[in-house]
Structure formats: C-alpha cells, structure tokens
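There are 2 protein chains.
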Amino acid sequence: MRKILIVGAGRSSAALVRYLLDRSAQEKLKIVIADISVDHARKLAGDHGNCEIVELDIFNEASRKKMVESASIVISMLPARFHLKIAKDCLEFEKNLVTASYISKELMELDEEVKSKGLVFMNEIGLDPGIDHMSAMQVIDRIKEKGGKMLLFESFTGGLVAPESDNNLWNYKFTWNPRNVVVAGQGGVAKFIQEGKYKYIPYHKLFRRTEFLDIDGYGRFEAMANRDSLNYREIYGLQDVLTLYRGTIRRVGFCRAWNIFVQLGMTDDSYVIEGSEMMSYRDFTNSFLPYKPHDSVELKLRHYLKIDQDDVIWDKLLELDIFNPDKIIGLKDATPAQILQRILMDSWTLKEDDKDMIVMYHIFGYELDGRKEQVVSNMVIIGEDQTYTAMAKTVGLPVAMAALSILNGKITEPGIQLPISKEVYDPILKELQDHGIEFKEKKEAYLGYNPHNLGA
Amino acid sequence: MRKILIVGAGRSSAALVRYLLDRSAQEKLKIVIADISVDHARKLAGDHGNCEIVELDIFNEASRKKMVESASIVISMLPARFHLKIAKDCLEFEKNLVTASYISKELMELDEEVKSKGLVFMNEIGLDPGIDHMSAMQVIDRIKEKGGKMLLFESFTGGLVAPESDNNLWNYKFTWNPRNVVVAGQGGVAKFIQEGKYKYIPYHKLFRRTEFLDIDGYGRFEAMANRDSLNYREIYGLQDVLTLYRGTIRRVGFCRAWNIFVQLGMTDDSYVIEGSEMMSYRDFTNSFLPYKPHDSVELKLRHYLKIDQDDVIWDKLLELDIFNPDKIIGLKDATPAQILQRILMDSWTLKEDDKDMIVMYHIFGYELDGRKEQVVSNMVIIGEDQTYTAMAKTVGLPVAMAALSILNGKITEPGIQLPISKEVYDPILKELQDHGIEFKEKKEAYLGYNPHNLGA
Chain A
1 MRKILIVGAG RSSAALVRYL LDRSAQEKLK IVIADISVDH ARKLAGDHGN CEIVELDIFN
61 EASRKKMVES ASIVISMLPA RFHLKIAKDC LEFEKNLVTA SYISKELMEL DEEVKSKGLV
121 FMNEIGLDPG IDHMSAMQVI DRIKEKGGKM LLFESFTGGL VAPESDNNLW NYKFTWNPRN
181 VVVAGQGGVA KFIQEGKYKY IPYHKLFRRT EFLDIDGYGR FEAMANRDSL NYREIYGLQD
241 VLTLYRGTIR RVGFCRAWNI FVQLGMTDDS YVIEGSEMMS YRDFTNSFLP YKPHDSVELK
301 LRHYLKIDQD DVIWDKLLEL DIFNPDKIIG LKDATPAQIL QRILMDSWTL KEDDKDMIVM
361 YHIFGYELDG RKEQVVSNMV IIGEDQTYTA MAKTVGLPVA MAALSILNGK ITEPGIQLPI
421 SKEVYDPILK ELQDHGIEFK EKKEAYLGYN PHNLGA
Chain B
457 MRKILIVGAG RSSAALVRYL LDRSAQEKLK IVIADISVDH ARKLAGDHGN CEIVELDIFN
517 EASRKKMVES ASIVISMLPA RFHLKIAKDC LEFEKNLVTA SYISKELMEL DEEVKSKGLV
577 FMNEIGLDPG IDHMSAMQVI DRIKEKGGKM LLFESFTGGL VAPESDNNLW NYKFTWNPRN
637 VVVAGQGGVA KFIQEGKYKY IPYHKLFRRT EFLDIDGYGR FEAMANRDSL NYREIYGLQD
697 VLTLYRGTIR RVGFCRAWNI FVQLGMTDDS YVIEGSEMMS YRDFTNSFLP YKPHDSVELK
757 LRHYLKIDQD DVIWDKLLEL DIFNPDKIIG LKDATPAQIL QRILMDSWTL KEDDKDMIVM
817 YHIFGYELDG RKEQVVSNMV IIGEDQTYTA MAKTVGLPVA MAALSILNGK ITEPGIQLPI
877 SKEVYDPILK ELQDHGIEFK EKKEAYLGYN PHNLGA
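Taken in order, these protein sequences are the chains called A and B. Sequential numbering of the first sequence, starting at 1, is according to this note's numbering. Sequential numbering of the second sequence, starting at 457, is according to this note's numbering.
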C-alpha cells in the first residue's frame with residue numbers, strides 16, 4: 001500500500017478524498033487524512049477501509065514530521081500560510097508535495113533544493129489557480145504550435161450560486177470564504193493592458209468598471225478587474241500580448257450594488273468601529289453618514305450616494321436589512337469589513353439544499369495566417385450538494401489527479417511547479433472531462449478593443 | 457554669549473532666525489545655523505555679527521555631536537524623521553531641545569531619561585501643531601476655570617494663497633510642501649465624533665463631506681476632516697466632549713474639484729505608472745479611463761465622473777492642462793501622486809510677488825451656569841513676502857520664543873513636552889500678538905449639530 005497523506009480536510013477536500021478512495025483498491029492506496037478537528041474528515045471517509053483519520057496539530061512538530069516521514073506523497077489542503085512548514089518537512093524526508101495555492105515567495109526559495117533532490121512540489125493546481133492555468137495554456141500552446149501570434153488574453157472566474165438556488169436580489173450567496181468576498185479587490189490598484197495601453201482602476205472605482213459576459217444557456221454575467229493581470233505575461237509566455245485582463249465574475253447588477261458598501265466605507269478592514277458589539281445594523285450604516293438627527297438614515301444614504309427612488313439597488317439594501325434598529329451586530333472590536341460580513345451572512349449563507357456554481361470564461365485573440373481570430377472558451381459547473389460542491393470538485397479533483405500522477409511517475413519534472421506544461425495539463429484536463437468538468441469553445445472573428453484600428 | 461544651535465534652515469526658519477538675531481545683542485546670543493546646504497542660511501543671516509553658518513551633514517556623527525555639545529540649546533528644524541538623532545545627542549550632552557513637529561513614539565520613549573536629567577524637550581510648537589494647541593488650550597482652560605463644561609470642540613487650519621495673489625480657478629497655490637497637499641487625507645479613515653456619535657469617512661469620500669466656514673472680511677471657506685480628531689480628547693483633556701472634529705481649510709470649491717483626482721486614482725502614491733517618463737499629461741489622464749479609442753479623453757472623463765457641460769470643475773481641469781498631448785511628464789518610474797504633483801506645480805507654484813495666508817478657525821461649545829454658548833475664534837495671517845511668509849512666521853516665531861524662554865529659565869517643566877500648559881502658552885500667545893499673530897473671538901448661542909435635541 002502507498003500512503004497519501006492529506007493534511008487539512010476543509011470544505012474543498014470532499015471530491016479529493018472521494019476520488020482517491022474510489023481508486024484506492026486498484027491503485028493500492030492508503031489515504032491518511034490529518035486534521036486538527038477530525039469530524040469533517042470522518043464524514044468524508046465514511047467507513048472506507050483504505051482511509052485512516054488522524055488528529056494532528058501541525059504546530060506539534062514531532063507528530064507532523066512523523067506523519068510526513070511515513071507518507072509516500074503529501075497533499076496540503078491547509079490555509080496557504082501553513083504550506084511552508086509542510087514543504088520543509090517534505091524536503092527533509094524527500095517526499096513529493098501537492099497544493100492548490102499560489103506559490104509564495106518563501107516557497108519559491110526552496111526551488112533549488114527541491115530540484116537537487118529530484119522532488120516535485122506541484123502548486124496552483126486547484127480551480128483558480130489551477131484549472132484556469134491549465135485550460136488557458138492548452139489553448140495558448142495550440143495557437144502557438146499552429147504558428148499563431150497571441151494578441152489578447154482575457155480570463156474570468158466566479159464562484160456563484162447555481163440558478164436553481166438563486167433566490168435573492170443580489171443573485172449571490174457565499175459559496176466560499178465570505179471574508180475574501182468582502183475584501184475582494186483591496187490591497188492595490190487593478191492594473192491591466194488593453195491594446196497596448198496600461199490602465200489603472202483604484203479600488204473605489206473597481207465595481208463601476210465592469211464588463212458583460214454572455215454564456216449560452218446561463219445568460220449574462222458581469223466581471224470586475226483583478227489586481228494582478230500583468231503577472232500573467234511572464235507565467236503564460238505572453239510578453240508581447242496587447243491585451244491582458246483577468247477578472248472576477250458576478251451576476252449582472254451585483255457590482256453596482258456592492259459599490260454602495262465600498263463608497264460608504266463598509267468594506268474597510270483596517271480599523272475598528274467604536275462600540276461595535278452593541279451597535280444595531282442601523283447604527284452601523286449611520287456611522288458612515290453625516291450627523292443629522294432630523295433626517296432618516298434612509299434618506300441620508302439615498303442623498304449621499306444619489307440612489308433614485310426606483311433604483312433596484314435600494315431593494316437589495318433593504319433585503320440585507322441594513323436599516324434594522326433591532327438587529328445587533330454582537331462582534332466586539334470589529335472592523336467595518338467584519339461587521340458587513342456578519343450582516344451579509346444573515347442573507348447569503350447557503351441553505352441545506354442550495355447548490356453552488358463555478359463559471360470560468362476565457363477569450364484568446366490571435367493572428368494566424370494573416371487573419372485575426374478569437375477563441376472564446378467557457379466552463380460552467382454546478383455542485384452536486386453541499387458536500388460535493390462545484391468548488392470542492394474543481395479544486396479537489398485536479399489536486400487528486402496530480403498527486404496520483406506524481407505517485408505513479410507520470411509527472412516527474414522536479415522543482416516548485418505549477419501546471420503550465422503540456423505533459424501536466426493535457427492528461428488532467430482530459431480526465432476532468434470524465435467528471436463533467438469541461439470547456440465549451442467557439443471560434444469568432446477577432447473583436448479586440450479597437451476593431452477599426454483608430455488612433456495610434 | 458549663549459549659543460543657540462539651529463539645525464536645518466529650510467523655508468520655515470526665516471522668521472525664527474530674524475527673531476533671534478533681533479534679540480541677540482540684548483540677550484547675549486550667538487546664533488549658529490547648521491545645514492547641509494548653507495545658501496539659504498547665508499541669505500537669512502545677512503552680515504549679522506552674531507550669526508555663524510556651519511555646513512553640517514547630520515549623518516556625520518562626530519561633527520554633529522561636536523556642534524550639539526558646544527550649544528546652550530538646540531532647535532531642530534529638520535524634517536521630523538531626523539529629530540530623534542538630535543534628541544539623543546541632546547540627552548548625551550544634557551542640552552534642551554525645541555522642535556515644531558509631532559512627538560513621535562520613538563521620541564516619547566526618551567521621556568523618562570529626559571525627565572531624570574531635568575531637560576526640556578519642547579515639541580509641536582509651530583503652527584499646526586503649535587499655535588492650534590496653544591490657542592485652543594487657552595480658551596478651553598478659561599471655560600473650565602469659570603466652571604464651564606466643554607460640549608464641542610472643532611478646529612480647522614489651512615495654508616492658502618493670500619487674496620491679493622489669488623488668481624487661479626482653484627483659489628490655491630502651493631505655499632508649503634506640495635507632496636503633503638497631494639497625499640493629504642490618505643493612510644486611514646477620517647474618524648470623529650459629533651453629538652456623541654462616531655463618524656467615519658473613507659478617503660474616497662473625504663472631499664465630498666466638507667463644511668463651510670465664514671470669516672469676517674475674508675468670506676467663505678470650506679473644510680474637510682482630518683484623520684486624527686479623536687487623539688485630541690486625551691491631549692486637550694476633552695474626554696467627555698460630545699463633538700470633536702479637526703479639519704483642513706480650503707477655498708470653497710477646491711475639494712469638489714480635487715475629488716476628481718481622487719476618483720480617477722491620480723493621488724495614489726503606492727505604485728509606479730508604466731512608462732511615466734515619456735508620457736504626456738493627456739496619456740496620464742487617459743490611463744485612468746476606459747480604453748475607447750473612438751472617444752475623446754475629455755468625453756470619457758466627463759461621462760465617467762458625471763461632470764456636467766457647464767460645471768466649473770471642468771474649467772479647473774482645463775486650467776491645469778491635464779488633457780495636453782504635448783506636455784511630457786519627464787519623471788521616471790513615478791507614482792500617480794508624483795506625476796500629479798508635477799502637473800500641479802506648473803500652475804500652483806507661487807510667483808515672486810505672491811503672498812501666502814494662514815487661516816485658523818476654532819469653535820468651542822460649552823455649558824456654563826445652565827446656559828449653552830459657543831466661542832468662535834479665528835486667526836488670519838498674510839505673509840510679508842516669499843521669505844517671511846505667513847507659514848514661516850507662524851511656525852518659526854513660537855519656536856524662537858519657546859527656545860529663548862527655555863534658555864532664560866522661564867519654561868522649566870522637564871520631559872518630552874508640548875505647549876498645552878498655561879505657563880507655556882500664555883506668554884507666547886501674548887508675544888505673538890506683537891507680531892500680528894492674534895485671534896478674533898466672538899461669543900454666540902450654542903449651535904451644535906442637534907439644536908432641537910432630536911433623537912437620542
């Protein structure tokens with residue numbers, strides 16, 4: 001039996017564990033799940049004979065090292081900041097490693113040593129990062145192999161609620177870490193390039209500079225810019241591309257309404273609101289508005305942010321109950337972002353039967369044989385239930401497949417890796433299709449942002 | 457002869473040097489000005505016999521210590537971040553010290569040692585901080601001495617251009633460090649309290665939440681909130697006050713127009729604009745607007761920020777020439793804030809005959825003998841010329857007066873001090889009157905923000 005150690009068994013581990021257990025007899029695998037709290041792991045393992053659950057505090061160095069030492073390969077599903085500990089153990093005991101997180105600077109510093117020991121540390125192989133890398137590189141490499149020259153690459157991903165569970169005015173529920181949703185877009189200007197021109201969007205304008213995306217069978221979505229589009233020039237080999245834009249997908253209208261929170265200052269996570277614990281939702285809203293006791297909080301807000309009487313934004317705010325004088329926040333020394341998250345969780349927490357949905361959308365523009373064309377490629381995945389969510393499947397399955405491939409000697413390139421080479425992405429994308437995770441492609445005339453070639 | 461060492465002789469030192477030289481014969485003073493570049497110091501000293509100019513690089517420890525050792529008292533007019541070096545030398549050689557800067561955390565850590573040696577390190581004794589502290593504390597102490605209870609304190613300061621030199625549409629020129637003007641308000645939420653309610657304004661709304669101030673003979677001004685109002689509860693002994701608000705004064709209309717730069721993202725100092733050196737003013741403006749080569753930069757901006765055809769904001773932008781395709785920025789790897797500063801300096805640099813103006817405005821609300829009243833107190837100072845500016849006088853004179861008082865044993869309270877005690881502020885405020893620096897006070901019925909006592 002070969003031992004696969006999974007450290008951390010959070011919400012994104014369900015499909016990962018199921019995939020490996022399903023193959024455990026045939027592949028002679030023993031799956032060891034180590035977590036500080038074992039309840040979720042137990043639920044995932046059921047009574048499967050090839051699964052062992054171990055209670056592990058990763059700060060207990062002796063236990064942690066012992067577990068790594070005994071494994072054939074390690075998968076870290078811990079929060080990203082803890083990967084480095086596991087990675088160093090893997091180096092010490094010469095074990096391969098798989099994570100779904102972005103490669104940190106600290107992890108990258110281990111690259112030489114990992115290479116010299118012939119180990120594979122595969123990262124960024126979940127959904128985003130992960131499936132986005134693989135699906136993009138597959139099309140980009142294909143275009144280049146045919147002799148095409150890349151002109152444009154745009155890529156968008158969103159974690160949303162499935163249409164059958166979409167029953168609020170925001171067309172949104174928390175299908176992933178709510179905190180990341182509340183602070184999304186903060187921490188730096190959004191920077192991208194369109195037709196060779198650099199463009200910059202400050203945070204307070206991010207939600208008013210959206211684009212529409214249409215997906216057959218699912219209707220219209222909108223996308224706002226991510227912060228980090230330009231990093232992808234290097235990673236994807238797109239140094240000369242004229243347009244490079246990455247974004248986050250929401251249902252139409254979400255961003256315009258979310259902008260109200262941004263404008264008020266409710267998404268700020270950098271300071272504490274005085275007396276937050278005993279404050280009502282209404283008090284919280286009022287703390288961002290001028291002091292005028294003879295005017296209502298409602299009218300002050302409408303006037304401040306120029307919200308028309310018949311604007312549906314207003315109904316979205318009412319739905320969240322932000323003017324309620326009786327609902328108490330109950331969080332001590334909380335930041336505006338923490339309080340807003342609390343308010344949103346009243347309305348946006350998934351119900352038991354709710355399903356999530358992952359949407360990914362790429363545009364590739366290129367010139368080939370003197371003609372400009374573009375390929376539009378999209379993927380929509382609906383979750384099975386609250387355990388085997390679309391998020392858990394799209395994050396966990398590629399991780400599982402990569403781990404098994406490395407174990408079976410099919411992925412061998414040593415070092416701190418991400419899945420951008422054909423040898424890695426081709427078999428995984430092909431196998432993902434068996435799980436319903438696939439892209440629909442169509443070719444169109446190149447659109448770009450300057451179809452009539454105006455200006456310089 | 458007693459030696460007063462002035463380290464740093466920048467723009468704010470002119471009135472300081474003149475004051476001390478004027479008294480040097482009578483008070484038996486030798487004024488030593490030490491600076492890394494001695495041109496300005498030479499100009500200030502003229503051929504006065506009691507003044508010595510020394511070239512000093514403060515990073516040359518031996519020279520610096522020698523100078524401090526030989527002085528009777530030290531005045532540091534260096535940028536605030538360098539005070540600590542001088543302060544440590546003063547401790548070593550047991551010299552008193554005066555600065556016009558805020559007390560830093562690091563400086564405060566020396567308090568015990570300064571006290572144990574019986575030294576006076578007087579800080580925050582320029583204009584703001586300085587005259588604001590002294591003038592406010594004088595009124596607050598007077599109200600309290602009469603048995604009054606403070607309800608409200610608001611305080612506003614602005615460095616502006618004098619009416620006779622006010623000839624642009626913004627009613628503004630750079631009379632002080634331009635960089636501070638460009639980044640004003642950044643680095644944290646503006647937080648204050650009104651009628652017992654905490655209020656928070658995020659940076660991107662700061663310039664749309666102004667108040668008007670009227671000053672007899674000078675017309676109407678506007679003020680935006682400073683970040684740090686609540687710190688003053690402790691310093692001024694106003695722990696129970698219902699309203700505490702500090703702000704910065706501009707001429708009416710400035711903030712609404714400045715908000716355009718904030719909204720675009722032009723005041724951001726946290727990242728570098730690609731290719732800034734060869735960019736035109738127009739390119740810079742366009743980099744914050746959507747890519748649409750078939751639309752003009754002008755119309756894109758009007759549409760993005762909803763600027764009406766006949767809004768005077770537009771003429772303010774045109775006056776700064778931000779749409780000029782031929783003016784080149786010429787700054788390598790510059791941040792948006794640095795580029796904006798460069799553009800503004802074309803228009804807002806003082807001409808040779810221009811004069812500056814300092815405006816300070818306080819409101820004190822209180823309850824006395826069962827009646828609510830308020831005192832409004834303001835000061836307007838116009839500069840003499842480009843050397844003896846209103847800024848140089850209001851910063852330098854209190855520093856000079858404090859230094860002489862300490863030297864003469866009239867200010868003796870040891871430790872890291874600021875001028876909030878009667879013994880310090882009374883004589884200095886009185887002497888400032890001889891230099892035309894005085895406040896006009898009037899008593900009014902208490903206004904507050906809730907005159908009819910509505911709500912809770």
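Using N, Cα and C, we set each Cβ at its ideal position, and we do this for glycine too. Computed from a predicted model, the values in this text were never measured in an experiment.
Through-space distance from residue j to residue i, alpha-carbon basis
i, j, result
"residue 372(A)", "residue 796(B)", "39 Å"
"residue 762(B)", "residue 585(B)", "38 Å"
"residue 462(A)", "residue 337(A)", "Summary: the structure shown does not reach residue 462(A), with chain A confined to residues 1 through 456, and so no result is reported for it."
"residue 262(A)", "residue 251(A)", "18 Å"
"residue 456(A)", "residue 716(B)", "Residue confidence for residue 456(A) is low, a pLDDT of 45 falling below 50, so the modelled location carries little weight and cannot support an answer."
"residue 897(B)", "residue 837(B)", "15 Å"
"residue 342(A)", "residue 534(B)", "47 Å"
"residue 625(B)", "residue 770(B)", "10 Å"
"residue 7(A)", "residue 75(A)", "6 Å"
"residue 40(A)", "residue 17(A)", "11 Å"
"residue 644(B)", "residue 330(A)", "24 Å"
"residue 156(A)", "residue 394(A)", "15 Å"
"residue 647(B)", "residue 287(A)", "10 Å"
"residue 369(A)", "residue 57(A)", "58 Å"
"residue 619(B)", "residue 297(A)", "40 Å"
"residue 588(B)", "residue 112(A)", "59 Å"
"residue 673(B)", "residue 833(B)", "14 Å"
"residue 889(B)", "residue 864(B)", "21 Å"
"residue 874(B)", "residue 819(B)", "21 Å"
"residue 99(A)", "residue 91(A)", "15 Å"
"residue 177(A)", "residue 682(B)", "35 Å"
Contact set between residue i and chain A, taken where Cβ atoms lie within less than 8 Å
i, result
"residue 589(B)", "Within 8 Å Cβ-Cβ: nothing; residue 589(B) doesn't reach chain A, min ~24 Å."
"residue 730(B)", "198"
Contacts of residue i in chain A (Cβ-Cβ under 9 Å)
i, result
"residue 754(B)", "Per Cβ cutoff of 9 Å: no residues; residue 754(B) is ~14 Å from chain A at best."
"residue 724(B)", "189, 200 and 202"
"residue 661(B)", "204, 263, 264, 265, 288 and 304"
Within chain A, the residues that residue i reaches when beta carbons sit closer than 7 Å
i, result
"residue 650(B)", "291"
"residue 496(B)", "The contacting residues do not exist; residue 496(B) stays about 38 Å from chain A at best."
Residue-chain proximity (residue i, chain A), Cβ-Cβ < 7 Å
i, result
"residue 833(B)", "no"
Any chain B beta carbon closer than 7 Å to residue i
i, result
"residue 287(A)", "yes"
"residue 16(A)", "no"
Amino acids of chain B, ordered along the chain, whose beta-carbon sits closer than 9 Å to that of residue i
i, result
"residue 271(A)", "644, 645, 647 and 656"
For residue j and residue i, believed in contact at Cβ under 8 Å, the rounded distance
i, j, result
"residue 545(A)", "residue 281(A)", "With chain A running from 1 to 456 in the structure shown, residue 545(A) is simply not present."
"residue 870(B)", "residue 574(B)", "5 Å"
**Chain-ordered residues of the region 624-649 of chain B with a beta carbon less than 8 Å from chain A** = Within the region 624-649 of chain B, the qualifying residues are 644, 645 and 647.
**Request:** Below 7 Å between beta carbons is the criterion; list the residues of the region 436-450 of chain A that meet it against any residue of chain B, in chain order.
**Result:** From the region 436-450 of chain A, only 449 and 450 have a Cβ closer than 7 Å to chain B.
**Request:** Below 9 Å between beta carbons is the criterion; list the residues of the region 664-676 of chain B that meet it against any residue of chain A, in chain order.
**Result:** Listed by position, the residues of the region 664-676 of chain B near chain A (Cβ gap below 9 Å) are 664 and 665.
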